[in-house]
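Following: one structure in structure tokens, then a few remarks.
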Amino acid sequence: MELRHIRYLLAVAEHGNFTRAAEALHISQPTLSQQIKQLERALSVELLDRSGRTVRLTDAGEAYAEHARLALRDLDAGERAVHDVQDLSRGHLRVAMMPTFTAYLIGPLVHRFHSAHPGITLSIREDTQDRIEADLLADRLDLGIAFAGPHAAGIDHTALFTETLTLVVGSGHSLAKRATPLPVARLAREPLCLLGTDFATRLQIDAYFTDRGVAPRITVEANSISALLASVRGGTLTTVLPDAITREHRDVHAVPLVPPLPTRAVVALVRATAYHSAAAQAFTRMLEEIAHEID
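Okay, so the sequence shown: first residue is 1 according to UniProt numbering, each after it adds one.
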């Protein structure tokens, strides 16, 4: 048995087809089939059910694949550890965060980190909290930035700062110069543009309105912060965003509400048992420094 046998088995299980798996592995289909048969002979058990249109793992194959995935995850982490350079002259870091943070946090964070460690490459993406935690556990990520709350088993979190939501309008909006807090009931007459309902921020906003018996006029739904900002700039629409965004964008203004919109604790997430590279540790320290400046 060799490591490639395990990778080949998992590829077939993922694609459900020998041909597609062979293409993804850049080997011929007969070679892939032969290698899988060698593995089955070594284990004296059938790992794949080839009887249907889709190739599937047998019960024995499911049991074996579960351990194989864990073994490959740990081996990949070990390879990164071998190549990790403690002086941070090179390395790679995989980071994911929830969408609201890209509008005001990631810019200064990446700029400062790259200036200090230009040899470290960063892979950064937006995602939901559930997928961030799942990818951390599967070792597809090194670090996540999300909100405090119940976390999946095996996830450690570090408090960063508190984010406050606020009503946001463009410079030309009639509410832009309002000096006193706006009663939330007034929002029943204001056209709102908000994130879609698959975002955690939107769920918090909906709960806020529901708890206060307000039915807002939602005229636009978007899947990005940049789309919301573009919608409210210079127009009559309003939105709800973290107040830190208004400090970064001078052409929009925060309008306080009565009662105020909710706050939420922002945390850094890592897998509890993961190897934390020098790059990950340096990035986390810099994240904490910027968090103190925001808070």
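Each residue gets a CB set at the ideal place from its N, CA and C atoms; glycine is no exception.
Nearest candidate by alpha-carbon position, reference residue i, set the options
| i | options | result |
| --- | --- | --- |
| Asp76 | Thr263, Ser277 and Leu287 | Ser277 |
| Ala244 | Glu163, Thr210, Thr236 and Pro150 | Glu163 |
| Phe199 | Phe147, Ala153, Ser171 and His253 | Phe147 |
| Ala227 | Leu72, Thr180 and Leu241 | Leu241 |
| Ala13 | Arg69, Ala96, Glu221 and Ala272 | Arg69 |
| Gly213 | Val184, Ser231 and Arg250 | Val184 |
| Ile36 | Ala65, Gly16 and His5 | His5 |
| Ala265 | Ala291, Gly52, His15 and His173 | Ala291 |
| Gly16 | Thr54, Gln34, Ser33 and Ile27 | Thr54 |
| Thr180 | Pro260, Pro191, Leu192 and Leu72 | Pro260 |
| Arg73 | Asp87, Ala138 and Phe161 | Ala138 |
| Gly144 | Ala153, Met98 and Thr102 | Met98 |
Other residues of its chain near residue i: CB distance less than 7 Å, five sequence neighbours each side excluded
| i | result |
| --- | --- |
| Pro262 | Leu165, Gln204 and Tyr208 |
| Thr58 | Glu46, Leu47, Leu48 and Asp49 |
| Leu194 | Arg202, Ile205, Ile218, Glu221, Thr239 and Val240 |
| Ser89 | Gly119 |
Integer Cβ distance of residue i from residue j, believed to fall under 8 Å
| i | j | result |
| --- | --- | --- |
| Ala11 | Leu25 | 5 Å |
| Leu229 | Leu182 | Leu229 to Leu182, Cβ: 20 Å. No contact. |
| Ile294 | Thr100 | 12 Å between Cβ atoms; not a contact. |
| Leu269 | Ile155 | 6 Å |
| Ala176 | Asp127 | That pair is no contact at about 33 Å. |
| Gly234 | Gly170 | 5 Å |
| Leu32 | Phe18 | 6 Å |
Own chain partners of residue i with C-beta closer than 8 Å, once the 5 adjacent residues on each side are dropped
| i | result |
| --- | --- |
| Phe113 | Ile120, Leu122, Ala282, Phe283 and Met286 |
| Gly78 | Tyr275 |
Distance, residue j Cα to residue i Cα
| i | j | result |
| --- | --- | --- |
| Gln38 | Glu2 | 10 Å |
| Thr197 | Arg186 | 22 Å |
| Ala188 | Val252 | 21 Å |
| Val168 | Leu141 | 33 Å |
| Thr238 | Arg178 | 14 Å |
| Leu151 | Ala159 | A quick correction: the sequence has His, not Leu, at residue 151. In a straight line, the C-alpha of His151 is about 13 Å away from that of Ala159. |
| Ala215 | Thr246 | 25 Å |
| Ala22 | Ala272 | 35 Å |
| Arg202 | Ser115 | 35 Å |
| Val255 | Leu93 | 37 Å |
| residue 332 | Pro118 | Because residue 332 is not part of the residues shown, which for the chain are 1 to 295, the question remains open. |
| Thr236 | Gln129 | 32 Å |
| Gly52 | Arg20 | 16 Å |
| Arg80 | Arg7 | 18 Å |
| Ser174 | Val232 | 12 Å |
| Gly149 | Leu109 | 24 Å |
| Asn223 | Glu248 | 20 Å |
Residue i Cβ short of 7 Å to the ligand PLP heavy atom set
| i | result |
| --- | --- |
| Gln281 | The model depicted lacks the ligand PLP and carries no ligand whatsoever. |
Endpoints, alpha helix (DSSP H) assigned at residue i
| i | result |
| --- | --- |
| Gly107 | Ile106 to Ala116 |
| Val232 | Ile225 to Val232 |
| Glu289 | Ala278 to Ile294 |
| Ile27 | Premise fails: Ile27 is in no alpha helix (DSSP H) and is neither H nor E. |
| Leu3 | Leu3 to His15 |
| Thr210 | Ala200 to Asp211 |
| Thr273 | Counting along the chain, Thr273 falls outside any alpha helix (DSSP H), and DSSP gives it neither H nor E. |
N- and C-terminal bounds of the beta strand (DSSP E) containing residue i
| i | result |
| --- | --- |
| Arg217 | Arg217 to Ala222 |
| Glu163 | Ile155 to Gly170 |
| Leu241 | Thr238 to Pro242 |
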